[in-house]
Structures are given as structure tokens and as C-alpha cells.
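The numbering used here puts the first residue of the sequence shown at 398, with every later residue one more than the last. Virtual Cβ for every residue (Gly too), placed ideally from N, Cα, C. For clarity, every value in this text was computed on a predicted model and none was experimentally measured.
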Amino acid sequence: MFSQKKSHTYTSFIRNYILCIAFYDFIFAYAIYTVYFSIQGLSPFQISLLLTFWALSSAVFEIPSGAFADYWSRRKMMIIAPILKSLCFISWYFANGNFYIFVLGFLFWTIGSTFLSGTAEALLYDNLTAFNQKENYAKILGKSEFYRHIAQMISIFSGGFIAYFNIKFAIIFSIFPLLFASIFAYLLHDAPKIESTGEIKYLDYFKIAFQEIKNSKILIVLFISYVIFGIFGNFDEFDQLYYKLVNLPIWAFGIMGTIWSGISAIGVYFAHKFEKNNYIYYTVPILSGILLFFAGYFPGIIMISAIMMAYLLNSPIKILLESKIQHTISSHSRATITSISSFLLNIFGALSFPIFGLIATNYRVSTIYWINGIVLILFSFWVYKLITALKKSN
Numbered sequence: 398m399f400s401q402k403k404s405h406t407y408t409s410f411i412r413n414y415i416l417c418i419a420f421y422d423f424i425f426a427y428a429i430y431t432v433y434f435s436i437q438g439l440s441p442f443q444i445s446l447l448l449t450f451w452a453l454s455s456a457v458f459e460i461p462s463g464a465f466a467d468y469w470s471r472r473k474m475m476i477i478a479p480i481l482k483s484l485c486f487i488s489w490y491f492a493n494g495n496f497y498i499f500v501l502g503f504l505f506w507t508i509g510s511t512f513l514s515g516t517a518e519a520l521l522y523d524n525l526t527a528f529n530q531k532e533n534y535a536k537i538l539g540k541s542e543f544y545r546h547i548a549q550m551i552s553i554f555s556g557g558f559i560a561y562f563n564i565k566f567a568i569i570f571s572i573f574p575l576l577f578a579s580i581f582a583y584l585l586h587d588a589p590k591i592e593s594t595g596e597i598k599y600l601d602y603f604k605i606a607f608q609e610i611k612n613s614k615i616l617i618v619l620f621i622s623y624v625i626f627g628i629f630g631n632f633d634e635f636d637q638l639y640y641k642l643v644n645l646p647i648w649a650f651g652i653m654g655t656i657w658s659g660i661s662a663i664g665v666y667f668a669h670k671f672e673k674n675n676y677i678y679y680t681v682p683i684l685s686g687i688l689l690f691f692a693g694y695f696p697g698i699i700m701i702s703a704i705m706m707a708y709l710l711n712s713p714i715k716i717l718l719e720s721k722i723q724h725t726i727s728s729h730s731r732a733t734i735t736s737i738s739s740f741l742l743n744i745f746g747a748l749s750f751p752i753f754g755l756i757a758t759n760y761r762v763s764t765i766y767w768i769n770g771i772v773l774i775l776f777s778f779w780v781y782k783l784i785t786a787l788k789k790s791n
């Protein structure tokens, strides 16, 4: 246990952590940024290139930022992250249709997000350990994700109305919540990293982290599962194209985005209640896979509810997988290993965006959904077989 100032109590730490995470994603621009690119003169192909660059650059910066968080102050990185992300929206506000300035904006966003990714989870886990509360990690992480989704829900809903008056206001006003996120990060506290080997050089974190993954079959399985469910989350970028395909009125797009954030918030909030139930790892993908298959094969407005239900079912899984990863790894490489999982997710995301784009261009966008449905169904059988084998071995 490390000594705490009175202002750094357990309650205040949790409050400031959750507010930092929530304000980081309280972004009015989320409601309209793809449309903003189009209005600024970018073609659909250019927009897909931006998304691919976003995923690739995230992959490039993810692991170095995680290792840097293990080497440097995690709190300071969380202070800097929102400021970097705010530079994205400032860049976009003044872009005037310049593709490369939009790329620059995504670069700022990427670096900011990779500064936060892995870092926030590691800081949370080590602080909870210091407070003798690490068994509540999944619960607190789920709670922070719940409020993050609530923040997204409010910002998406209000961002649409702001954009109705002036779409550029939705872009530039997004910097103010990010400043609040930085302030709440400043109020956090760095818990000392629990290390058994003394001072470790920066580059050694990579070697230690990869060695730990290599020697742990459980981590490998968790990473595979994390990536599969992560790819599932990537194609929500195509939801608006699905809405257009089924002739959903455009005024309802923002409502759908708000509903998506709301049901995601519910899922992550109650995720910790399923922490000891391994059956969720194969029942959820098979149920959501069936829903997506029918939504993709029989597209229609009513099938949007099937897509939303699939999102609701899958929303707790990421929290549960992150919790299992955190409980499996050692503290000194915690942020690095967490960032490796995000790195893999971004790599496969970069590959999936152009693939999804080609499918949507050459077939119907609904094809993306039924293909992903089949993948999730097959994945569920693999997980069931794996869990059954582990039970027999024990």
C-alpha cells in the first residue's frame, strides 16, 4: 500500500477516473464526422482511406505508447491524451476539404487514443491493487465504460442538433469536453508499479511482454477472442449505410446512434455480473451471429432491431476479456500487454475496413452483416470446444 493524500481517496480516484474516460468520448462530432467529410468534398473511397489510415496508425503507435506508459507516468499520459485528440477537431475545423489535413487530424486522434489505451486500464488496475480493491476491477471498468457510453449517447444526440444549425460547430465544440477530460486526469494519482526485477529499461518492456504472452496459452486464447469480438465492433462504421439501404429516414440516424450508445452502456454496466460464467463466451456469439445473419440476409427497417440486439449481447464481452487479461498478466508489463491486444485489434481492423468496403461496393452492404454472423457462429463452436476441453483437463 502506498501513502495517499486525503484528496486521493478511493472514492475520489474512481470519480475522477470515470469522468476522465467519459469526457474523453463526449464528442459532438461523433454524430456527423463521416457526413462532414462528405460535405467537405471527400469521396466515399477517400473516406474509407481515412478509416484505414486511422486503424493502421493506431496499430503503429499502440504498443510503443503502452511500453512508454510502463516506463513513464501513466497519469501524465492520460493528461496529454485529450489535448492531442482536441488538435484533431481543430485541424478538421480548418481543413476546408483538404484530405491531408483530415489525415493529420486522425493522426492527432490516434496518438491521443493510444496514449490512453492500455494506460488507463493499467493505471486503474494498479490503483485498485493499492486500495486492496483489485477484485472490483471488472465492476469499475464496466462502470467507467457505462458512463463512457452514456457520454457518447448524449453527445451524439445533441451533436446532431448542433450540426443542424452549423455542422462545423459540432466539430469545434468537441474540444471543450476533452479539456475537462484532461483536468480530471490531472486529479488522478500514479500508483507505484509492482515490479519484482527492479528498474527495467524502456525497450525491455517489449521483450518481457512478448515473452509473457508466448508462455501463456490462456493469454493467446484471450487475444484471439479479443480480436474476433473487436472485428465484430468494426463494422458498426457501416451501420449508416445499412440504414440508407433499408430507407430509414435520415433524421432517425442520430436516434439509432443514441440507441446504440444506450444499449452498449447497459451491457458494459452489468458485465461484471457474468465474470464467473464461462458459458457467455459461446452463447453470446452464437445468438448474436444468428441475429446478424438474418439482419444481413433479409435487410429491412425491422432488422435494425436485430442488429441492436446483437450489439447489446456482445457489449459485455470486451469488458470480461479485458478483465481476464488484466488478472493474467504481471504489473510491470501490464500496459504493454494491454496495448499489444489493442495493436492486434487495430491491425485486423485496418484489414477489415477495406474488405468490408469492397463487399459493400460489389455487393450490398447487408452482406457484411450475414458474413460476420457466420464467423461468430463458427467462433462460438470453437470456444465451446475449448472450454469443454479445459473442464475435462481439470
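- Classified as buried, Glu542 has 16 or more neighbouring CB atoms from the shown chains inside 10 Å of its CB.
- Here DSSP, grouped into helix, strand and coil, assigns Gln549 to helix.
- DSSP places Lys565 inside the alpha helix (DSSP H), whose first and last residues are 564 to 569.
- Taking the CA atoms as reference points, Leu481 sits about 39 Å from Ile683.
- Burial check for Arg412: the Cβ neighbour count within 10 Å stays below 16, so the residue is exposed.
- For the 9 Å CB-CB criterion, Arg471 and Thr516 form a contact.
- Note that the stretch 433 to 447 touches the stretch 488 to 497; at least 3 beta-carbon pairs, one per stretch, sit closer than 8 Å.
- Per DSSP, the unbroken alpha helix (DSSP H) holding Thr655 starts and ends at 650 to 666.
- Judged by their CB atoms, Phe423 and Ala578 are nearer to each other than the 9 Å cut-off.
- Look at Ile424 here: in three-state DSSP terms it is coil, with no helix or strand label.
- Proximity of the stretch 571 to 588 to the stretch 745 to 752 falls short of the contact definition, fewer than three beta-carbon pairs being nearer than 8 Å.
- Taking Ser661 as reference, the option from Leu520, Gln530, Lys715 with the minimal CA-CA separation is Lys715.
- Within the stretch 453 to 525, the complete alpha helix (DSSP H) segments of 4 residues or longer fall at 471 to 490, 496 to 513, listed in chain order.
- When DSSP states are grouped into helix, strand and coil, Lys673 belongs to the coil group.
- Note that the stretch 521 to 528 does not touch the stretch 645 to 654; fewer than 3 beta-carbon pairs, one per stretch, sit closer than 8 Å.
- In this structure the stretch 674 to 681 does not lie against the stretch 550 to 565, because fewer than three pairs of beta carbons, one per stretch, are closer than 8 Å.
- About 21 Å separates the beta carbon of Ala519 from that of Ile744, a gap too long to meet the 8 Å contact definition.
- Taking a C-beta distance under 9 Å as the contact criterion, Thr408 and Phe458 do not qualify as a contact pair.
- The residue from Ala703, Pro646, Pro696, Lys673 with its alpha-carbon nearest to that of Gly686 is Ala703.
- Rounded to the nearest angstrom, the Cβ distance from Ile564 to Tyr433 is 6 Å, consistent with a contact under 8 Å.
- DSSP places Phe528 outside any alpha helix (DSSP H), giving it a letter other than H or E.
- Secondary structure at Ser440: coil, using DSSP grouped into helix, strand and coil.
- For Phe635, same chain residues with a beta-carbon under 8 Å away, outside a window of 5 residues either side, are Phe753, Ala757, Val762, Ile765 in chain order.
- When the alpha-carbon of Asp587 is set against those of Lys782, Ser483, Met700, Tyr522, the nearest one is in Tyr522.
- Under a 10 Å Cβ-count criterion, Tyr639 is classified as buried, with 16 or more other Cβ atoms of the shown protein chains found around its own Cβ.
- For Asp636, the enclosing alpha helix (DSSP H) covers residues 636 to 642.
- Secondary structure of Pro646 (DSSP, three-state): coil.
- If you look at Tyr583, you'll find it in the alpha helix (DSSP H) that goes 572 to 583.
- Burial check for Lys536: the Cβ neighbour count within 10 Å reaches 16 or more, so the residue is buried.
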